[in-house]
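Student:
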Amino acid sequence: MLKFENCSIGHDRTLYEIPELELRRGEFVALIGANGSGKSTLMDSLVQGKFPDGKVSIEGRNWIDLKLMERAHQITLVDNHFLGFDYLKVSEYLELGRHSYTNFTGRLTAEDRLVVQKYIQILHLDSLLGQSTSTLSDGERQRVGIAKALIQETPIILLDEPTAFLDYPTKREVMSLLGQIAAESNRMVMIASHDIDFCIEYCSRILIIEKDSKILRSYQAITHDELVTKAFGI
Amino acid sequence: MWKKHLFSFAVFIVITVITIGFPHGDDPWFSFLTTSDKQAWQLFVIYRVPEVFIAVVAGFALSIAGLLLQTTLNNPLAGPSILGLTAGSHLMVALTIMGSSMLGLEILDLGITVSATIGALVFGLLILVIAARIRSMVSLLLVGMMLGTFVYSITNIILMKADANSVKAFSIWGMGSLQQVSIDQVPLITLLFLIGIGLAFLLTKPLNALILGEKPAAILGVKVKQTRWKIIFVVSLLAGLVTAFCGPIGFVGLIVPNLVRMFYKTARHGHLLLASGLIGASVMVLCVLLIRIFEPIMVLPINSLTALLGAPIVLFLLLKNIRNA
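Chains as they are written, first to last, in UniProt numbering: chain Y, 1 to 234; chain F, 1 to 325.
Pasting the structure below:
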């Protein structure tokens, strides 16, 4: 579904190349690389539709030709930096996931409400709905963020370090949940992460920004040591 | 939520009715209703109605302008006066008054409003550019205040060269007053006010997304740059309208949206806009009432009154912001 052909990644200078890569629905993909290697840059480029070189296409359509609203129906990013606001309730935050589907008033239709309700139930968020987004724990905030992304109903979901700041059981819970979402809802979920062991255990494919060659390569199965060598040159 | 709106509306009605009926001198309450004196009725229509009317318009418009600025800049300390938009209007009105006097032209209300709007627009865009480079809320506040001080100084230097009539006209306007509006000006003010408010409500949907920040809003499909241009235009129209007819009025646009968010505990801008308007109007009408209460002892300038009410709240918000940081 998401195809890269001879792409350069980087805003001001090329950080790495993606010669050829095709990601499919149902895949849970990990993007691994050293600090500053350009994991977030790839996610930003996808979200903004900005690629200096090469071609990126989704279901055959050139990615940079998509209008902003069309992109909002294809891709979403779970914002790991969002810490919430006192006055923004969880229910209101989740409803924002339907933003690109509503008319100019922003009012949700009955159908929109059904979608919101569906993911609230799947992620067991009923008890948090009236709570302020600023009072959520890290794990709760991650689940709420994922729910908002699901509510946006895009075939591609990106998450920038979704397990950072989480304790061990919550990391497992989040990774398992993401794998389940990819497989059951037929979406492509891509995470940028430093938790390499979790990525090896849960992800169906690992993308490594190779330190030496500055090329992004895809691996279906890889050992911890191989991954460390390729990504960090150790 | 609608119960809270009902409460706010009830508060607004009560304050407005008390202010309208407040006795003048030795007259009884609501004397204009009971008196057969035609003159008393005329005084009511000519002086009291426009004063309360412009207080409602000013409070409603400034609070909504403040809310729009705070959302688009992701800064609860933003407001038209504190970020220098009012100072921009101030400068443009000074230039218009002086220019008209030099050319021997009559100054039209619409001319003053347009120049005040352009002044606010120029400084609004400047703040937008600066805000893209400054992430700290307090730093942006300081930049806005410096900008305001700089522009007020330029205005004062320009006035040094002006003739006595221009200086007098500008000084009266610059003190800020709700008593300068005549009944003839009401239709024009109403029209511009309704256009501004209508446009603000049309921005409800992107505003809801913009509270998350620039990038998350774009992910949701918001054309961020275009929306910010629209917001700054609406803010300039509303702030320019109020500044043109009342002079510079500070703090209302900053404090009211913060009070509304605390009381309503929501991020839905449909509700926040309505509530800010109602509470802002109530605050300004309350100021009119306070001016009338203290009238026998002293004449309170509206600017000082809004600053007295607003400064402690701004201080509280600043301390809260520093503590959270």
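Beta carbons are placed, not taken as given, at the ideal position from N, Cα and C, and that holds for glycine. No experiment lies behind these values; they were computed from the predicted model shown.
Per DSSP, what kind of secondary structure is residue 7 of chain Y in: helix, strand or coil?
Tutor: Of the three classes helix, strand and coil, the one that applies to residue 7 of chain Y here is strand, per DSSP.
Student: Which residues in chain C have a C-beta closer than 9 angstroms to the C-beta of residue 47 of chain Y? List them in chain order.
Tutor: Here the protein chains are Y and F, and chain C is not one of them.
Student: What are the residues of the stretch 56-81 of chain Y that lie near chain F, defined by any Cβ-Cβ distance shorter than 7 angstroms?
Tutor: The residues in question are 68, 69, 72, 76, 77, 79.
Student: With 8 angstroms as the threshold, decide whether the Cβ of residue 212 of chain F is near any Cβ in chain Y.
Tutor: Taking Cβ atoms only, chain Y reaches closer than 8 angstroms to residue 212 of chain F, which makes this a yes.
Student: Give the DSSP-derived three-state secondary structure of residue 22 of chain Y in the structure shown.
Tutor: Reduced to three states, the DSSP call for residue 22 of chain Y is strand.
Student: Would you be able to state if there are at least three C-beta pairs under 8 angstroms between the stretch 48-65 of chain Y and the stretch 6-21 of chain Y?
Tutor: Yes, the stretch 6-21 of chain Y touches the stretch 48-65 of chain Y.
Student: Pick from F:245, F:295, F:132: whose alpha carbon is nearest that of residue 57 of chain F?
Tutor: Checked all of F:245, F:295, F:132; the closest Cα to residue 57 of chain F is F:245.
Student: Mind checking the stretch 164-196 of chain Y against chain F and listing, in chain order, the residues whose C-beta falls within less than 9 angstroms of any C-beta there?
Tutor: Against chain F - using a Cβ distance shorter than 9 angstroms - the stretch 164-196 of chain Y contributes no residues.
Student: DSSP state of residue 78 of chain Y, grouped into three classes?
Tutor: If DSSP states are grouped into helix, strand and coil, residue 78 of chain Y belongs with the strands.
Student: Closer than 9 angstroms by beta-carbon distance: list the chain Y residues that pair up with residue 204 of chain F, in chain order.
Tutor: Simply 104, 105, 106.
Student: Whose Cβ in chain F lies nearer than 8 angstroms to the Cβ of residue 85 of chain Y?
Tutor: In chain order: 211, 267.
Student: For the stretch 126-142 of chain Y, enumerate the residues whose C-beta is nearer than 8 angstroms to any C-beta of chain F, in chain order.
Tutor: Answer set for the stretch 126-142 of chain Y: 132.
Student: At which residues does the alpha helix (DSSP H) containing residue 115 of chain F begin and terminate?
Tutor: Looking at the DSSP string, the run of the alpha helix (DSSP H) that includes residue 115 of chain F is 109-131.
Student: Would you say residue 99 of chain Y faces chain F, with C-beta separation under 8 angstroms as the test?
Tutor: At least one chain F Cβ lies under 8 angstroms of residue 99 of chain Y.
Student: How should residue 169 of chain Y be labelled, buried or exposed, when 16 other C-beta atoms within 10 angstroms of its C-beta is the threshold for buried?
Tutor: With fewer than 16 Cβ atoms within 10 Å of its Cβ, residue 169 of chain Y is classed as exposed.
Student: For residue 176 of chain Y and residue 204 of chain Y, I'd like the C-alpha separation in whole angstroms.
Tutor: Going by the C-alpha atoms only, they are around 12 angstroms apart.
Student: For a contact meaning CB atoms closer than 7 angstroms, what does residue 227 of chain Y contact in chain F?
Tutor: Going along chain F, no residue has its Cβ under 7 angstroms from residue 227 of chain Y, so there is no contact; the nearest lies around 29 angstroms.
Student: Select from F:242, F:129, F:106, F:300 the residue whose C-alpha is nearest the C-alpha of residue 196 of chain F.
Tutor: When each option's Cα is compared against that of residue 196 of chain F, the closest is F:242.
Student: Once the 5 residues before and after residue 239 of chain F are set aside, which same chain residues still bring their CB inside 6 angstroms of it?
Tutor: So the qualifying residues of the chain are 65, 80, 85, 120.
Student: Is the stretch 85-94 of chain Y touching the stretch 259-270 of chain F in the sense that three or more CB pairs, one from each, lie closer than 8 angstroms?
Tutor: Output reads yes: the stretch 85-94 of chain Y touches the stretch 259-270 of chain F.
Student: Can you confirm whether residue 96 of chain Y, when its beta carbon is compared against all beta carbons of chain F, has any partner nearer than 8 angstroms?
Tutor: Closer than 8 angstroms: yes.
Student: By the DSSP assignment, the beta strand (DSSP E) with residue 250 of chain Y in it spans what residues?
Tutor: This structure cannot settle anything about residue 250 of chain Y, because the visible part of chain Y is limited to 1 through 234.
Student: Output, in chain order, the set of chain Y residues within a Cβ distance shorter than 9 angstroms of residue 208 of chain F.
Tutor: Those are 92, 95, 96, 99, 106, listed as they occur along chain Y.
Student: Alpha carbon to alpha carbon, how far is residue 76 of chain Y from residue 153 of chain F? Give it in angstroms, no decimals.
Tutor: Whole-angstrom Cα-Cα distance: 48 angstroms.
Student: Beta carbon of residue 231 of chain F, beta carbon of residue 72 of chain F: below 8 angstroms?
Tutor: Yes; because the gap between Cβ atoms is below 8 angstroms, this pair is in contact.
Student: What do you get for residue 137 of chain Y, buried or exposed, if any count of 16 or more other CB atoms within 10 angstroms of its CB means buried?
Tutor: It counts as exposed.
Student: Hey, residue 328 of chain F and residue 252 of chain F: beta-carbon distance below 8 angstroms or not?
Tutor: Residue 328 of chain F is absent from the model: chain F starts at 1 and stops at 325.
Student: Can you tell me whether residue 163 of chain Y is buried or exposed, with buried defined as 16 or more other CB within 10 angstroms of its CB?
Tutor: Answer is buried; the Cβ neighbour count reaches 16.
Student: Enumerate, from N- to C-terminal direction, the unbroken alpha helix (DSSP H) stretches of 4 or more residues contained entirely within the stretch 40-89 of chain Y.
Tutor: You should have 68-72.
Student: At least one CB of chain Y closer than 8 angstroms to the CB of residue 48 of chain F: is that the case?
Tutor: For residue 48 of chain F, the answer is no, since every Cβ of chain Y falls outside 8 angstroms of its Cβ.
Student: Between the stretch 94-114 of chain F and the stretch 132-143 of chain F, are three or more C-beta pairs nearer than 8 angstroms?
Tutor: Taking 8 angstroms as the limit for Cβ pairs, the verdict is that the stretch 132-143 of chain F does not touch the stretch 94-114 of chain F.
Student: Where does residue 200 of chain F fall in DSSP's three states?
Tutor: Three-state DSSP puts residue 200 of chain F in a helix.
Student: Quick check: the Cα distance between residue 133 of chain F and residue 49 of chain F, rounded to an integer number of angstroms?
Tutor: Between residue 133 of chain F and residue 49 of chain F, the C-alpha separation is close to 45 angstroms.
Student: So with Cβ pairs under 8 angstroms, would you call residue 228 of chain F a contact of chain Y?
Tutor: Taking Cβ atoms only, chain Y never reaches closer than 8 angstroms to residue 228 of chain F, which makes this a no.
Student: Considering just the uninterrupted stretch of the beta strand (DSSP E) at residue 167 of chain Y, what are its terminal residues?
Tutor: Neither: residue 167 of chain Y is in no beta strand (DSSP E) and is coded neither H nor E.
Student: Thinking C-alpha only, which one of Y:160, Y:65, Y:211 is nearest residue 44 of chain Y?
Tutor: When only C-alpha atoms are compared, the closest one is Y:160.
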